[in-house]
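> Before I ask anything, let me first share the structure, which is written out below as structure tokens.
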Amino acid sequence: MRLKWTNSGHFVGNKSNQRWLWYAVDHATNTVPAYVFGKRKDVVFKKLKALLEPFGISRYYTDDWGAYERQLESDKHEVGKRNTQKIERKNLNFRTWIKRLTYRFNPLPAEVP
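Residue numbers (our numbering): 13 to 125.
Structure follows, in structure tokens:
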């Protein structure tokens, strides 16, 4: 199995309360075998990596965030945009959907006096 990794950040209340969705996507089938919510720390990334160990990952495609280089074996790790374009697009779609959902339930008043 070859995986693309990413994380997408959001905050609740204020920016000091950021939480990240860490997930991996199977390069061939475009399915998500595992995900973790947490802070943008190596510890959270290690949790996701542990969830994926039973799958026998042969290759990792990531962006250049430091945790990936610190925690993944260099011979199985490839940094670049060529193989992460679909997953980054998925992040963009997800953020757009969340913003629309938030606006739908918290609309601004039509006129402000």
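Glycine is no exception: its CB is placed at the ideal position from the N, C-alpha and C atoms.
What residues are listed by DSSP as bridge partners for V48?
Position 36 of the sequence shown holds residue 48. V48 pairs with W34.
> Is the separation between the beta-carbon of A36 and that of L60 shorter than 8 Å?
The residue given as residue 36 occupies position 24 in the sequence shown. The residue given as residue 60 occupies position 48 in the sequence shown. Their beta carbons are under 8 Å apart, which means A36 touches L60 by this criterion.
> Using the C-alpha atoms, what's the distance from G68 back to D87?
The residue labelled residue 87 in the question sits at position 75 within the sequence shown. The residue labelled residue 68 in the question sits at position 56 within the sequence shown. D87 and G68: Cα-Cα distance of roughly 15 Å.
> Can you give the Cα-Cα distance for W109 and T41, rounded to whole angstroms?
Translated into the one-based positions of the sequence shown, residue 109 becomes position 97. Translated into the one-based positions of the sequence shown, residue 41 becomes position 29. Approximately 23 Å, taken between the alpha carbons.
> Between D76, N29 and F49, which lies nearest to R94 when the distance is taken from Cα to Cα?
Taking the first residue of the sequence shown as 1, we reach residue 94 at position 82. The shortest C-alpha separation from R94 is found at D76.
> Can you grab the Cα-Cα spacing for the pair G50 / R31, in whole Å?
What you label residue 50 is simply residue 38 of the sequence shown in a count that begins at 1. What you label residue 31 is simply residue 19 of the sequence shown in a count that begins at 1. When rounded, the distance between both Cα atoms is 5 Å.
> So if DSSP puts V91 in a beta bridge, which residue, or which two residues, is it bridged to?
Translated into the one-based positions of the sequence shown, residue 91 becomes position 79. Answer by DSSP bridge pairing, in chain order: T74.
> Which one of F57, V56 and A46 has the shortest CA to CA distance from L64?
As a position in the sequence shown, residue 64 is number 52, starting the count at 1. Minimum Cα distance to L64 is reached at A46.
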